[in-house]
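Start counting the sequence shown at 2; every next residue gets the next number (this note's numbering).
Single-structure report; data block below.
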Amino acid sequence: MIRRFWIICLLFLVGGRFGTKGLAQDTLAFSLTDQGLMIFPAKINQVHQVDLMLHTAAEGFSLIETVADSLFPSDTGEVYNAHSWGGDQQGRFLRNQQLGLGGMTIDSLILWVNRLSGKGSDGKFGPDLLGSAWLKIDPATGLLIRYQSLPDRFEIRGYTPVKTTQGPLGLMLELELGLGTEKIQHSFLMHSGYGAGLLLDDEFAATHQISEKVVIESESELRDAYGNVLKTQKARLSELRLGRQRLADVPMSFFSGAIGRQKVSVMGAGVISQFQWLIHFPSGQVYVKTG
């Protein structure tokens, strides 16, 4: 009887440690480019092997024109009109496509055809295709693990929560920027398709006079059709904080001049790749620790 009691206690403890909470559903491997972009092998319609970039600020999946035209006749699909700051353009899309990612197979998708994607990729996909799972993303090991729920406390030791909001373009993270002795809180779009560090929105850069508080490493100048000057300035941020995690010497870009075009600040792949992440995109919950 005593032996049976201890067996039951042991099973209870083991169940509490390795129970269904946080049970991993599957694991997807990816490669990391020099820019920090996450590239996943994928298969379209069980036939076409492609490399897709995870784009945390996008939905669905797409291919660049050159790849799409090599896989599907250019006269197939339907035409749509797209609008961007550079002007209007036409694109095409194909209905009822199947995408394979790791052990997942996703049916009845629309394949969008775009002109550009991240360097080293044939196209991109959004986290919505990974369902409602919690995602553990570890750039250091090149693994993305899907969990049914938040992993237990043994799995998330060392992680710290990050304040977030759901913006019109995607998940926004609250970061603290260190500019000398000044600490500034600001929200950044989590954008794993942007192959750099931070990109500041025009209003924030102007309001806080960023160009006067950092050392400009390089600068380029463009003019629009109306003669307005657009200067792209690159500098380095002395310190960046996400929750209780810290990153030093962070590359940062911003615009100056009469432009007002960059409406949202962006945290790109150059920063994302420096951390390990636990993310639930549907609810906007984020935990992070230094990679």
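Each residue gets a CB set at the ideal place from its N, CA and C atoms; glycine is no exception.
Bear in mind that the values here come from a model prediction, so they are computed numbers and not experimental data.
When we look at the beta-carbon of residue i and count the other beta-carbons within 10 Å, is it buried (16 or more) or exposed?
| i | result |
| --- | --- |
| Asp123 | buried |
| Ser254 | buried |
| Gly171 | buried |
| Ser109 | exposed |
| Ser193 | buried |
| Val267 | buried |
| Thr57 | buried |
| Ala226 | Note on Ala226: pLDDT 43, under 50, position unreliable in the model; the coordinate value appears next. Ala226 should be labelled exposed. |
| Ala59 | buried |
| Gly37 | buried |
For residue i, collect the residues of the same chain with a Cβ closer than 7 angstroms to its Cβ; drop the 5 residues on either side in sequence, then sort them by chain order.
| i | result |
| --- | --- |
| Gln26 | Ala134, Arg147, Tyr148 and Gln149 |
| Gln186 | Glu175 and Glu177 |
| Thr161 | Gly244, Arg245, Gln246, Tyr288, Val289 and Lys290 |
Roughly how many whole angstroms lie between the Cα atoms of residue i and residue j?
| i | j | result |
| --- | --- | --- |
| Glu66 | Arg116 | 5 angstroms |
| Lys214 | Gln234 | 13 angstroms |
| Ala207 | Leu180 | 14 angstroms |
| Ile273 | Gln98 | 30 angstroms |
| Gln277 | Gln286 | 14 angstroms |
| Ser118 | Val265 | 20 angstroms |
| Ala249 | Ile111 | 41 angstroms |
| Pro1 | Lys164 | Nothing can be reported for residue 1, as the shown portion of the chain is limited to 2 through 292. |
| Glu204 | Val251 | 20 angstroms |
| Phe41 | Ile157 | 24 angstroms |
| Leu53 | Phe256 | 29 angstroms |
| Gly78 | Gly271 | 35 angstroms |
| Phe32 | Ser212 | The question names Phe, yet the displayed sequence has Ser at residue 32. If I take the Cα positions, the gap works out to 35 angstroms. |
| Arg96 | Gly132 | 20 angstroms |
| Lys184 | Gln210 | 14 angstroms |
| Lys125 | Tyr195 | 12 angstroms |
By alpha-carbon positions, which one of the options ends up nearest to residue i?
| i | options | result |
| --- | --- | --- |
| Gly61 | Ile107, Pro169, Phe73 and Val251 | Ile107 |
| Pro169 | Gly159, Asp153, Thr182 and Ser188 | Ser188 |
| Gly269 | Leu29, Phe31, Asp35 and Ala30 | Asp35 |
| Ala236 | Ala197, Gln263, Arg262 and Arg242 | Ala197 |
| Leu279 | Gly78, Pro42, Arg154 and Val267 | Arg154 |
| Thr182 | Leu241, Pro283 and Arg158 | Leu241 |
| Val51 | Phe94, Met105, Ala59 and Ser63 | Ser63 |
| Glu218 | Val267, Lys232 and Lys120 | Lys232 |
| Gln275 | Leu199, Lys44, Ile157 and Arg158 | Leu199 |
| Gln47 | Met105, Asn82 and His56 | Met105 |
| Phe282 | Leu38, Leu201 and Gly127 | Gly127 |
| Thr166 | Ser284, Gly132 and Leu95 | Ser284 |
| Ala30 | Ser71, Lys120, Ala59 and Thr142 | Thr142 |
| Arg262 | Ala83, Asp202, Leu238 and Met39 | Asp202 |
| Ile138 | Leu55, Leu190 and Glu220 | Leu55 |
So, for residue i: in the same chain, excluding its five sequence neighbours on each side, which residues have a beta-carbon less than 6 angstroms away from its beta-carbon?
| i | result |
| --- | --- |
| Leu130 | Ile107 |
| Val80 | Gln91 and Arg93 |
| Lys44 | Gln50 and Gly101 |
Looking at residue i: is its Cβ nearer than 8 angstroms to the Cβ of residue j?
| i | j | result |
| --- | --- | --- |
| Leu136 | Leu144 | no |
| Pro152 | Gly292 | no |
| Gly101 | Thr28 | no |
| Val114 | Arg93 | yes |
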